[in-house]
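Participant: In my numbering, the protein residues as written are 57 to 413. Glycine included, every Cβ here is placed at the ideal spot set by N, Cα and C. All of these numbers come straight from a predicted model, not from anything done at the bench.
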Ligand code: 13P
Ligand code: SF4
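Right, dumping it as structure tokens:
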């Protein structure tokens with residue numbers, strides 16, 4: 057039976073972080089090209105590689121591709137970072153992704169275009185309260201989403217991402233284990249509903265996915281009756297119930313390639329359209345409706361922290377070797393255990409691309 061913990065996400069704190077978001081100015085093509093060339097030279101000089109997420113600016117994703125770096129979902133980013141021979145990883149995404157890379161590769165230098173790129177799930181799951189929550193339920197296996205701090209990971213038994221959470225929880229439930237899940241309540245209740253596992257949920261949410269609306273999506277389905285709906289499992293349950301496919305960002309991209317539809321309504325950050333359009337160019341992708349529209353919408357299906365990444369910030373961080381992720385050695389050793397458990401599980405089960413309808 058799922059139960060939502062009495063601990064509520066600290067929305068005020070999230071709001072404070074949101075107010076501090078400093079979005080980069082747009083670049084003209086000549087300036088962008090100049091930055092690209094300079095970054096390419098620095099990458100070679102410093103034996104550095106870019107690991108980027110699908111929600112970031114398309115120019116950054118293309119640069120990662122062109123320079124032998126990587127673009128992927130959180131699980132794939134973690135795996136690539138731990139396997140590459142580069143001395144410096146430039147993680148283009150949000151802070152928990154940089155920390156994950158550092159934990160898995162403590163001897164590499166891990167930089168980010170900006171260390172201020174945060175995540176509402178990470179912010180609203182502070183280690184002190186989380187630790188108390190765990191202490192209150194010592195009989196439960198602690199499973200945390202990758203969108204958390206190094207300290208929260210270090211307090212867990214398992215770390216999972218959206219591409220593998222369902223399989224890990226199913227595996228634990230089959231062994232008769234009861235789960236304490238944090239921080240995303242929507243992903244947690246989706247997994248609970250799919251697996252029937254006994255899960256106690258932390259009350260956190262992604263500010264981007266939480267804004268997708270059931271009623272708006274229902275109306276949109278009527279407008280595009282031939283379209284399929286792809287949704288990320290951080291979306292609220294009523295939205296997921298309308299979806300034809302639910303999965304991680306990579307799994308959604310794969311679904312767009314494999315499903316026969318020529319139109320998709322997509323409930324996740326619209327940065328993902330860049331890769332979808334590259335891979336299935338003759339297909340129409342429409343952003344699922346959010347709270348409000350245009351100037352009145354809040355996230356507008358785009359993560360403000362992912363949007364903080366830019367070519368100039370990446371260039372400066374790499375040139376100066378600044379914006380470096382630092383994780384305390386001893387904490388990193390503890391956090392590596394549940395992370396490595398996830399990577400080993402993924403390797404053993406070869407599940408990296410599975411999703412579910
Ligand atoms: P993925 O692991 O599916 O890429 O998700 C990361 C994320 O932060 C989604 O909001
Ligand atoms: Fe975090 Fe949501 Fe942004 Fe993903 S989209 S990084 S879950 S705030």
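#1: Using the beta carbon as the reference atom, which residues fall closer than 5 Å to any heavy atom of the ligand 13P, ordered along the chain?
#2: Using 8 Å as the Cβ pair cut-off and three pairs as the minimum, do the region 269-277 and the region 226-238 touch?
#3: Whole angstroms are fine: how far does the CA of residue 103 sit from the CA of residue 168?
#4: Output yes or no for whether 8 Å exceeds the beta carbon distance between residue 212 and residue 304.
#5: Near residue 240, what residues of its chain come up, given a Cβ to Cβ distance below 6 Å and the 5 sequence neighbours on each side ignored?
#6: Could you tell me which of 246, 88, 207 sits nearest to residue 226, measuring between CA atoms?
#7: Give me, in chain order, the residues of the same chain whose beta-carbon lies closer than 8 Å to that of residue 346; leave out the 5 immediate sequence neighbours on both sides.
#8: When the Cα atoms are used, what is the spatial distance from residue 162 to residue 302?
#9: Any heavy atom of the ligand SF4 closer than 7 Å to the beta-carbon of residue 267?
#10: Pull up the distance between the alpha-carbon of residue 330 and that of residue 313, whole angstroms please.
#11: For the alpha helix (DSSP H) that contains residue 77, what are its first and last residues?
#12: Could you tell me whether the Cβ atoms of residue 222 and residue 197 are closer together than 8 Å?
#13: I'd like to check one pair, residue 387 with residue 160: are the Cβ atoms closer than 8 Å?
#14: Look at the alpha carbon of residue 182 and the alpha carbon of residue 311, and state the distance between them as a whole number of angstroms.
Facilitator: Taking the geometry as given:
#1: Ordered along the chain, the selected set is 129, 130, 217, 218, 304, 305.
#2: In the pairwise beta carbon analysis, the region 269-277 is classified as not touching the region 226-238: fewer than three pairs are separated by under 8 Å.
#3: Cα to Cα, residue 168 sits roughly 15 Å from residue 103.
#4: Not in contact: residue 212 and residue 304 (Cβ atoms no closer than 8 Å).
#5: So the qualifying residues of the chain are 177, 201, 260, 290.
#6: Minimum Cα distance to residue 226 is reached at 246.
#7: If we look at residue 346 and ignore the five residues flanking it on each side, its Cβ neighbours are 267, 268, 269, 272, 353, 354, 355, 356, 357.
#8: Separation of residue 162 and residue 302 (C-alpha to C-alpha, rounded to the nearest whole angstrom) is 33 Å.
#9: The closest heavy atom of the ligand SF4 lies 7 Å or more from the beta carbon of residue 267.
#10: Taking the Cα positions, residue 330 is about 14 Å away from residue 313.
#11: Here residue 77 belongs to no alpha helix (DSSP H), and DSSP marks it neither H nor E.
#12: No, Cβ-Cβ distance for residue 222 and residue 197 is not below 8 Å.
#13: It is not a contact, given that the beta carbons lie outside the stated cut-off.
#14: A straight line joining the alpha-carbon of residue 182 with that of residue 311 spans about 35 Å.
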